[in-house]
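>
Residue numbers (the numbering used here): 892 to 1881.
#1: Based on the DSSP secondary-structure assignment, which residues constitute the bridge partners of residue 1760?
#2: Note the first and the last residue of the continuous beta strand (DSSP E) segment covering residue 1206.
#3: Just checking: is the beta-carbon of residue 1681 within a distance shorter than 8 angstroms of some beta-carbon in chain D?
#4: Take the Cβ of residue 1317 as the centre, count every other Cβ of all protein chains shown within 10 Å, and call the residue buried at 16 or more, exposed below.
#5: Is the Cβ-Cβ distance between residue 1211 and residue 1451 less than 8 angstroms?
#6: In whole angstroms, give me the CA-to-CA distance for residue 1268 and residue 1522.
#7: Apart from the five residues on each side of it in sequence, which residues of its chain come closer than 7 angstroms, Cβ to Cβ, to residue 1735?
#8: Measure how close the beta-carbons of residue 1767 and residue 1779 come, nearest whole angstrom, since I'm counting them as under 8 angstroms.
#9: Kindly indicate the opening and closing residues of the beta strand (DSSP E) around residue 1172.
#10: Using 8 angstroms as the threshold, is the stretch 1156-1165 in touch with the stretch 976-985, meaning 3 or more CB pairs across them?
#11: Would the stretch 1193-1205 and the stretch 1216-1223 be scored as touching if the rule is three or more Cβ pairs under 8 angstroms?
#12: Helix, strand or coil for residue 1647 per DSSP?
#13: Give me the Cα-Cα distance between residue 1409 and residue 906, rounded to the nearest whole angstrom.
#14: One question on the structure: do residue 1497 and residue 1753 come within less than 8 angstroms of each other, judged by their Cβ atoms?
#15: Using C-beta distances below 7 angstroms, list every residue in its chain close to residue 1036, excluding the 5 sequence neighbours before and after it, in chain order.
#16: If we count the other Cβ atoms within 10 Å of its Cβ and call it buried at 16 or more, is residue 1655 buried or exposed?
#17: What would DSSP say about residue 1196, mapped onto helix, strand or coil?
#18: Per DSSP, which residues does residue 1238 bridge with? Please list them.
#19: Looking at residue 1579: is its Cβ nearer than 8 angstroms to the Cβ of residue 1292?
#20: Assuming residue 1918 and residue 1727 are in contact, meaning their beta carbons sit under 8 angstroms apart, how far apart are those beta carbons, in whole angstroms?
#21: Leaving aside the five residues before and after residue 1111 along the sequence, list all residues of the same chain whose C-beta is less than 7 angstroms from its C-beta, in chain order.
#22: Who are the near neighbours of residue 1303 in its chain, counting only those whose CB is closer than 7 angstroms to its CB and skipping five residues on each side?
#23: So who's on the other strand from residue 1740, going by DSSP bridges?
#24: Relative to the C-alpha of residue 1335, which candidate in 1322, 1366, 1315, 1288 has its C-alpha closest?
#25: Taking the alpha-carbon positions, what's the residue 1713 to residue 1470 distance?
#26: Less than 8 angstroms separating the beta-carbons of residue 1115 and residue 1022?
#27: Looking only at its chain, what residues have a beta carbon closer than 6 angstroms to the beta carbon of residue 892, apart from the 5 residues adjacent to it on each side?
#28: Suppose contacts are defined by Cβ-Cβ distances below 8 angstroms. Is residue 1750 in contact with residue 1814 by that definition?
#29: So residue 994 and residue 1029 are in contact, right, with Cβ under 8 angstroms, and what is the actual spacing, rounded?
#30: Give me whichever residues DSSP pairs with residue 1450 in a beta bridge.
#31: Under three-state DSSP, which class holds residue 1150?
#32: Is it the case that the Cβ atoms of residue 1871 and residue 1747 are separated by a distance below 8 angstroms?
#33: Leaving out five residues on either side along the sequence, give the residues of the same chain with a beta carbon under 8 angstroms from the beta carbon of residue 1755.
#34: Three or more beta-carbon pairs under 8 angstroms between the stretch 1191-1200 and the stretch 1231-1249, yes or no?
#35: Less than 6 angstroms between C-beta atoms, sequence neighbours within five positions excluded: which residues of the same chain meet that for residue 1861?
#36: Are the stretch 1560-1580 and the stretch 1694-1705 in contact at 8 angstroms, needing three or more beta carbon pairs?
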């Protein structure tokens, strides 16, 4: 199998453009320069020992670009930039294609500006292997996308220093992947030279130069993958600085130290936009088991005297019923008394409460037990819980196979263990034997697959031997091949990672029987597999590993047998088998998101509303801006929606629920967008409870109703489309926009003055003066603007020439060619997108091409009782499964309004083809007025999508949907609405 990559994902385009646009104003690539001869490639300069990146912009120009990007992306604005200190952060949730984004950004930076030297710094072997694998599997995809542009990549190896020389002297794109440990150990004392990494030592093969010196001369773009693990220590920061980066780009879901944030796609947006799998938790915790002395140390406190500890005990209440609750104790306390006289606690008198961080414990005067944080004693046998986790994982796996196998999607399950011997151990003769987890797995797998409901999965398979072939382990091994426990960061782990990476595509194929993977819990970071649908952690203690790390291995959207990414939560659900309750897991995960990513659940920030797009009188759009955002923030404060710290109050939640946010008249046109952003801030992490999951049955009363059949027959037909494109109209529209919108300033010459400090550490320049001088009437090479615009827009030379001449703006081109070309591309692209939609024509394919009503019976629908289901009497299913608070509100309104006869949430298999991708409308509704007049509607109610990201694309798809239903006729009206009240008042007039 070969994984396929989608080149058209809007959010990835935005992340890439957020970096590329930082350098707007830099001279474009040489291939566009055909008017005059030009020596040397754009974006590069020749150094003494190689070829390096060259930046022409000053910090003021980059700051201007940065602020524009931050406004566009709804981020707090950077106030100032220091010359040469260009550090930018891109925040992307795990599983959304962060590696793909920065690799494509490399190629876009080269395509636009000619930059060619790039170093990817990684924190660990796992991530190094993952990045290298990504470079390999995206090669064909990028070759197609960038016309076979030559680019070389390699993993730095101190034994192959000739690769460093090639990196320095090549004028092609060069990408070096390097582990921070390979260049973190430097030195300033020549007598300690042998303690430095080889990269910092002089080398005869490089004419006595140090490899690092060759790298420094290239002025590379340094891309840091997972910076929270790379450059948070002084030594690491010094190491990054030693690369002499032109610019440093940091990519992570978890930025510990913040720089200039240019793009943010956090966990909440990723889930809401269905860019990752939804998470459900199957929790396992003991209940009503109080036969032993149960003790669990929760925390210790030495901040005031006396020192105390919080311990969870089984305590008798006033009615004699035993309940588990936390109790605060100090030295000398008797747990017999604290438990209200339970005999099992006799002799448990607190001796010492030890508070050293990382080594906290409590011990007792006459009992040998030592309590450590989070590790309970006296609970149900731990293995009994593990056994149930294994069985539940297998059951979930088989249930998903029943649904997904027929869609060509292979299901994988992942078990994390902290001791290899629990899965595979060796007898006295060195022969491998099955460990306890392997035996339990085979016992329950063999038992479960014999259930009649799984018969279709096991045709022609010997059920007695099937178990041995479906599971295997990925572990580090010693030289004799004996599997062993490791930390995940040693050279011994490299083979395990290699195996996981190498087998990535093979594991996705039905040809490989392996479906259950056991791996060491240390091998958690830097690799994943898109078809992991179950993750089960079988650690011997409650998981100390971060929840985000745990789920990160399975968040990516699944692929089918053709390697194509599959979308929608109906397919993409990751089930986590936790050795704690659903509530505890969900609470811990949300806390991690708050502390690690800075997501402020329930906090409104003053810049929140700045990037709301506002329609101008001339049809263009501008952002609301920071001042207006601050004004809205103040109104929220005055209305009691938030407190002084921006914390959401109940008044705001009530106003959102009633769709009644009070806002001044000037902001009424964007009230929907303000409400959508406020709703997002009020939301929490959308994690589902596995025990709430319910298969939803058809509501036969509605499904068999002739009126529903009539409604479905009106909308079920498929169409095809063609686009009628009027070149003359495009030329006129572009010319008008160019005459009103183009704003091009002249180039500047930057004067700088610096003193040099020469030492053993190298040459350091300390700047003492800097200013800019405007440049006019320059004799310079003029870019081939027609070739440039052709490449960017795919229009003919004739059309482009007409646009340029008729717009009468060519004087601005001479003023600053690059700025002019960039702005013209933006104008033409926007107008083209509108005209494609305006010129689209849909035609019904015929009476035989349609979505059969019977699909409601064959396609399974599931939901979660406490999270995303509304009971229904009028819909085609017994419950409506909603994706957002907005959809919940509409479903409730449909149920309660007597004029709504029946309705259905359109399933994800009901799609309409458009030039911008498939479109799935929200609702089909039948209104009956006074029992006689019938109105048929298809409704779009997306009020809380991430409108800043998807608005142009989504609104264009909605226009296409309108034209599709117009082509069908059948008296079905298509409407996109924000408010049920306004819709019903308009349609139901008695």
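Backbone N, C-alpha and C define an ideal beta-carbon position, used for all residues, glycine too. Since this is a predicted model, take the numbers as computed values, not measurements.
Here's the rundown:
#1: Position 869 of the chain shown, counting from 1, holds the residue named residue 1760. Residue pairing from DSSP places residue 1760 in a beta bridge opposite 1772.
#2: The residue given as residue 1206 occupies position 315 in the chain shown. Looking at the DSSP string, the run of the beta strand (DSSP E) that includes residue 1206 is 1199-1207.
#3: Considering every chain present, this structure includes no chain D. It has just one protein chain.
#4: Your numbering for residue 1317 matches position 426 in the chain shown. An exposed status is given to residue 1317, since fewer than 16 other beta-carbon atoms sit within 10 Å of its beta-carbon.
#5: The residue labelled residue 1211 in the question sits at position 320 within the chain shown. The residue labelled residue 1451 in the question sits at position 560 within the chain shown. No, these two residues do not count as a Cβ contact at 8 angstroms.
#6: Against the chain shown, residue 1268 aligns to sequence position 377. Against the chain shown, residue 1522 aligns to sequence position 631. Roughly 56 angstroms separates the two Cα atoms.
#7: On the chain shown, residue 1735 is found 844 positions in, with the first residue counted as 1. Listed in chain order, the non-local C-beta contacts of residue 1735 below 7 angstroms within the same chain comprise 1608, 1610, 1858, 1859, local neighbours out to five positions each way being set aside.
#8: Taking the chain shown and counting its residues from 1, the one referred to as residue 1767 is at position 876. Taking the chain shown and counting its residues from 1, the one referred to as residue 1779 is at position 888. Not a contact, Cβ separation roughly 17 angstroms.
#9: Counting from one through the chain shown, the residue named residue 1172 turns up at place 281. That run of the beta strand (DSSP E) goes 1169-1174.
#10: Touching, yes.
#11: Contact between the stretch 1193-1205 and the stretch 1216-1223 is present: 3 or more CB-CB pairs across the two stretches fall below 8 angstroms.
#12: For this step, residue 1647 is matched to residue 756 along the chain shown. For residue 1647, the predicted structure reports a pLDDT of 49, less than 50, and the residue's modelled location is therefore unreliable. A value from the coordinates is still provided. Under the three-state reduction of DSSP, residue 1647 is assigned to strand.
#13: Against the chain shown, residue 1409 aligns to sequence position 518. Against the chain shown, residue 906 aligns to sequence position 15. One Cα belongs to residue 1409, the other to residue 906, and the distance between them is close to 35 angstroms.
#14: As a first step, residue 1497 is located in the chain shown; it is residue number 606 there, counting from the start. As a first step, residue 1753 is located in the chain shown; it is residue number 862 there, counting from the start. No, they are not a contact pair.
#15: Translated into positions along the chain shown, residue 1036 becomes position 145. Cβ neighbours of residue 1036 beyond the five flanking positions: 898.
#16: Numbered from 1 along the chain shown, position 764 holds the residue referred to as residue 1655. Its pLDDT being 44, under 50, residue 1655 is placed unreliably in this model, and the coordinates cannot settle the point.
#17: As a first step, residue 1196 is located in the chain shown; it is residue number 305 there, counting from the start. In the structure shown, residue 1196 sits in coil (DSSP, three-state: anything other than H, G, I, E or B).
#18: Locating residue 1238 in the chain shown gives position 347, where the first residue counts as 1. Note: residue 1238 sits in no beta bridge, so no partner.
#19: For the purposes of this step, residue 1579 is identified with residue 688 of the chain shown, where counting begins at 1. For the purposes of this step, residue 1292 is identified with residue 401 of the chain shown, where counting begins at 1. Between residue 1579 and residue 1292, the C-beta spacing is not below 8 angstroms.
#20: The requested residue 1918 is not part of the displayed model; the chain covers only 892 to 1881.
#21: The residue given as residue 1111 occupies position 220 in the chain shown. Result list for residue 1111: 944, 1008, 1009, 1010, 1134, 1136, 1137, in chain order.
#22: Taking the first residue of the chain shown as 1, we reach residue 1303 at position 412. Scanning its chain for C-beta atoms nearer than 7 angstroms, with the 5 sequence neighbours on each side dropped, one finds around residue 1303 the residues 1398, 1406, 1408, 1420, 1422, 1423, 1424, in chain order.
#23: Within the chain shown, the letter at position 849 stands for residue 1740. The bridge partners DSSP lists for residue 1740 come to none.
#24: Within the chain shown, numbered from 1, the residue matching residue 1335 stands at position 444. It is 1288.
#25: As a working mapping, residue 1713 is identified with position 822 in the chain shown. As a working mapping, residue 1470 is identified with position 579 in the chain shown. Their Cα atoms are separated by approximately 55 angstroms.
#26: Within the chain shown, residue 1115 is the residue found at index 224, counting from 1. Within the chain shown, residue 1022 is the residue found at index 131, counting from 1. Going by C-beta atoms, residue 1115 is not nearer than 8 angstroms to residue 1022.
#27: In the chain shown, residue 892 corresponds to position 1, counting from 1. Only 1396, 1399, 1400, 1454 meet the Cβ criterion.
#28: Start at 1 with the first residue of the chain shown, and residue 1750 comes out as number 859. Start at 1 with the first residue of the chain shown, and residue 1814 comes out as number 923. No. Outside cutoff.
#29: In the chain shown, counting from the first residue as 1, residue 994 sits at position 103. In the chain shown, counting from the first residue as 1, residue 1029 sits at position 138. The beta-carbon distance between residue 994 and residue 1029, rounded to whole angstroms, is 6 angstroms. This is short enough to meet the 8 angstroms contact definition.
#30: On the chain shown, residue 1450 is found 559 positions in, with the first residue counted as 1. According to DSSP, which records beta bridges pairwise, residue 1450 is partnered with 1456.
#31: Position 259 of the chain shown, counted from the first residue, corresponds to residue 1150. Looking at residue 1150 - three-state DSSP - the assignment turns out to be coil, as it is neither helix nor strand.
#32: Here the question's residue 1871 lines up with position 980 in the chain shown. Here the question's residue 1747 lines up with position 856 in the chain shown. It is not a contact, given that the beta carbons lie outside the stated cut-off.
#33: Your numbering for residue 1755 matches position 864 in the chain shown. So the qualifying residues of the chain are 1171, 1579, 1580, 1583, 1584, 1585.
#34: Touching, yes.
#35: To locate residue 1861, count along the chain shown from 1; it is residue 970. Within the same chain, Cβ atoms closer than 6 angstroms to the Cβ of residue 1861 are found at 1605, the five residues on either side in sequence being excluded.
#36: Contact annotation: the stretch 1560-1580 does not touch the stretch 1694-1705, with fewer than three C-beta pairs closer than 8 angstroms.
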